[in-house]
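Engineer: All letters in the sequence shown, in the order written, are residues 105 to 344 by this note's numbering. Dropping a structure here in structure tokens format, bear with me for questions.
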Amino acid sequence: MNAGTERLQQIIDDSRRIVFFGGAGVSTESGLKDFRSSDGLYAEKFKYPPEYMLSADCFYRHTADFFDFYRQKLLVDGIKPNAAHYKVAEMEQKGRLIAVITQNIDGLHQAAGSKTVYELHGSVLRNYCTKCGAFYDEKFIKDNRPIPLCPKCGGTVKPDVVLYGENLDENVLAGAVRALRNADTLIVAGTSLQVYPAAGLIDYFRGDNLVVINRDPVSVGGALFLQGKVGEILSKIAIK
Ligand code: APR
Ligand code: ZN
Numbered sequence: 105m106n107a108g109t110e111r112l113q114q115i116i117d118d119s120r121r122i123v124f125f126g127g128a129g130v131s132t133e134s135g136l137k138d139f140r141s142s143d144g145l146y147a148e149k150f151k152y153p154p155e156y157m158l159s160a161d162c163f164y165r166h167t168a169d170f171f172d173f174y175r176q177k178l179l180v181d182g183i184k185p186n187a188a189h190y191k192v193a194e195m196e197q198k199g200r201l202i203a204v205i206t207q208n209i210d211g212l213h214q215a216a217g218s219k220t221v222y223e224l225h226g227s228v229l230r231n232y233c234t235k236c237g238a239f240y241d242e243k244f245i246k247d248n249r250p251i252p253l254c255p256k257c258g259g260t261v262k263p264d265v266v267l268y269g270e271n272l273d274e275n276v277l278a279g280a281v282r283a284l285r286n287a288d289t290l291i292v293a294g295t296s297l298q299v300y301p302a303a304g305l306i307d308y309f310r311g312d313n314l315v316v317i318n319r320d321p322v323s324v325g326g327a328l329f330l331q332g333k334v335g336e337i338l339s340k341i342a343i344k
């Protein structure tokens, strides 16, 4: 165990109110691509620029193109939680962690057993009819091509995912801010911290220990920075 991991072990041993703030890098070890790494989604070529593909404007004006991109790139079959998700769930089960705040929409934290999860950008597991509000699961979106229409009213079914140009859910934001204000330790992992308002939330943290775990360098003032894969690093940590 190197000095950084030893320090992390000590911090976790001493913490009772950890918040884990994660991004796409937490799910790459489950086989999902992140966005801004050199091998990330945004390095690929699409009909429109990738950030437009994930915008509300694209959803409403180029609906078939949106769903084509969404199914190909965001609805990946057979993904499972990795060591990072399981270790974070264990921190909660053993009374060390009070909340997960994630920018991811893959539902992997809950699949690993985490209970208090604030999904800032929503989830692919929830889909609602834009006309009557009826709920549909991920399989409905996969099976009903090119555009999933509500069998009840004919409305277009939309993933419960925050698209560019849309606001984050007020209640999710309020819960995340409450957790950050109450945390004694904040672990930020697998995120380039480039997308707001999500990235700005970490400014609400006032606790003792700020830890950043990331494969590429990311600068957060006053943080213990561990460079590497979050799944690998957390698998070295014992939750006592
Ligand atoms: N372990 C640790 N860090 C990793 C790993 C890993 N296994 N894999 C990738 N990373 C790091 C990369 O080095 C990168 O800095 O995770 C970071 C991922 O950054 P982004 O791709 O920008 O993803 P994220 O920060 O989650 O993006 C935020 O942007 O497009 C929107 O809505 C989308 O939620 C997303 C938001
Ligand atoms: Zn409907």
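By construction, the Cβ of each residue, glycine as well, lies at the ideal position given by its N, Cα and C atoms.
Counting only runs of 3+ residues fully inside the region 199-247, write out the beta strand (DSSP E) ranges in chain order.
Structural biologist: Complete beta strand (DSSP E) runs here, min 3: 201-206, 221-223 and 226-233.
Engineer: What are the complete beta strand (DSSP E) segments, minimum 3 residues, inside the region 108-140?
Structural biologist: 122-126
Engineer: Could you check the C-alpha separation between residue 196 and residue 344 for me, to the nearest Å?
Structural biologist: Here residue 196 corresponds to residue number 92 of the sequence shown, with the count starting at 1. Here residue 344 corresponds to residue number 240 of the sequence shown, with the count starting at 1. The alpha-carbon atoms of residue 196 and residue 344 are separated by roughly 12 Å.
Engineer: Look at the alpha carbon of residue 335 and the alpha carbon of residue 292, and state the distance between them as a whole number of angstroms.
Structural biologist: As a position in the sequence shown, residue 335 is number 231, starting the count at 1. As a position in the sequence shown, residue 292 is number 188, starting the count at 1. Distance between the alpha carbons of residue 335 and residue 292 is about 13 Å.
Engineer: I'd like to know if the region 141-157 and the region 302-312 are in contact, where contact means that at least 3 CB-CB pairs between them fall below 8 Å.
Structural biologist: no
Engineer: So residue 127 packs on residue 260, CB below 8 Å; how close in whole Å?
Structural biologist: In the sequence shown, the residue the question calls residue 127 occupies position 23. In the sequence shown, the residue the question calls residue 260 occupies position 156. Residue 127 to residue 260, Cβ: 29 Å. No contact.
Engineer: Return the residue from the list 263, 275, 327 and 112 that minimises the CA-CA distance to residue 342.
Structural biologist: Counted from its first residue, the sequence shown places residue 342 at position 238. Cα-wise, what sits closest to residue 342 is 112.
Engineer: Taking DSSP's pairing of strands, which residues face residue 185 in a bridge?
Structural biologist: For the purposes of this step, residue 185 is taken as residue 81 along the sequence shown, with counting starting at 1. BP columns for residue 185 are empty, so no partner.
Engineer: Which residues bound the beta strand (DSSP E) around residue 177?
Structural biologist: Within the sequence shown, residue 177 is the residue found at index 73, counting from 1. Here residue 177 belongs to no beta strand (DSSP E); instead the alpha helix (DSSP H) covers 167-177.
Engineer: Residues in the same chain with beta-carbon distance under 6 Å from residue 188, minus the five sequence neighbours each way, listed in chain order, please.
Structural biologist: The residue given as residue 188 occupies position 84 in the sequence shown. Result list for residue 188: 130, 334, 335 and 338, in chain order.
Engineer: Once you ignore the five residues that flank residue 359 on each side, which residues in its own chain have a CB closer than 8 Å to its CB?
Structural biologist: Missing from the structure shown is residue 359; the chain here goes from 105 to 344 and no further.
Engineer: Run through DSSP, which three-state label would residue 293 get?
Structural biologist: Walking along the sequence shown from the start, residue 293 turns up at place 189. Looking at residue 293 - three-state DSSP - the assignment turns out to be strand.
Engineer: Count the other CB atoms within 10 Å of the CB of residue 283; is the residue buried (16 or more) or exposed (fewer)?
Structural biologist: As a first step, residue 283 is located in the sequence shown; it is residue number 179 there, counting from the start. With 16 or more other Cβ atoms within 10 Å, it is buried.
Engineer: Once you ignore the five residues that flank residue 218 on each side, which residues in its own chain have a CB closer than 8 Å to its CB?
Structural biologist: The residue labelled residue 218 in the question sits at position 114 within the sequence shown. Within the same chain, residue 218 has close Cβ partners 189, 192, 193, 196 and 204.
Engineer: Could you give the residue range of the alpha helix (DSSP H) that holds residue 330?
Structural biologist: Taking the first residue of the sequence shown as position 1, residue 330 is located at position 226. Note, residue 330: premise wrong, no alpha helix (DSSP H); beta strand (DSSP E) at 328-331.
Engineer: Using a strict less-than 6 Å threshold between each residue's beta carbon and the heavy atoms of ligand 2, what residues do you get?
Structural biologist: Matched residues: 233, 235, 236, 238, 254, 256, 257 and 259.
Engineer: Out of 318, 268 and 314, which has the shortest C-alpha to C-alpha gap to residue 396?
Structural biologist: Because the chain is modelled from 105 through 344, residue 396 falls outside the range shown and cannot be assessed.
Engineer: Between residue 290 and ligand 1, is the CB less than 8 Å from at least one heavy atom?
Structural biologist: To locate residue 290, count along the sequence shown from 1; it is residue 186. Checking every heavy atom of ligand 1 against the Cβ of residue 290, none is found closer than 8 Å.
Engineer: Would you call residue 223 buried or exposed, if buried means 16 or more other Cβ atoms sit within 10 Å of its Cβ?
Structural biologist: Here residue 223 refers to the residue found at position 119 of the sequence shown. Classification for residue 223: buried.
Engineer: Does the beta-carbon of residue 317, which I'm using as the reference point, lie nearer than 8 Å to any heavy atom of ligand 1?
Structural biologist: Position 213 of the sequence shown holds residue 317. Correct: residue 317 has its Cβ closer than 8 Å to ligand 1.
Engineer: DSSP state of residue 317, grouped into three classes?
Structural biologist: For the purposes of this step, residue 317 is taken as residue 213 along the sequence shown, with counting starting at 1. It is a strand residue.
Engineer: Per DSSP, residue 268 forms a beta bridge with which residues?
Structural biologist: Taking the sequence shown and counting its residues from 1, one reaches residue 268 at position 164. Partner(s): 159.
Engineer: Could you check how far apart the C-beta atoms of residue 305 and residue 281 are, in whole angstroms? I think they sit under 8 Å.
Structural biologist: Against the sequence shown, residue 305 aligns to sequence position 201. Against the sequence shown, residue 281 aligns to sequence position 177. Contact holds; Cβ gap of about 7 Å.
Engineer: Quick check on DSSP: helix, strand or coil for residue 191?
Structural biologist: In the sequence shown, residue 191 corresponds to position 87, counting from 1. Judged by DSSP in its simplified three-state form, residue 191 adopts helix.
Engineer: So, using beta-carbon positions, are residue 139 and residue 201 closer together than 9 Å?
Structural biologist: The residue you call residue 139 lines up with position 35 of the sequence shown. The residue you call residue 201 lines up with position 97 of the sequence shown. No.
Engineer: Between which two residues does the alpha helix (DSSP H) carrying residue 281 extend?
Structural biologist: Here residue 281 is taken as the residue at index 177 of the sequence shown, counted from 1. Run containing residue 281: 274-286, per the alpha helix (DSSP H) assignment.
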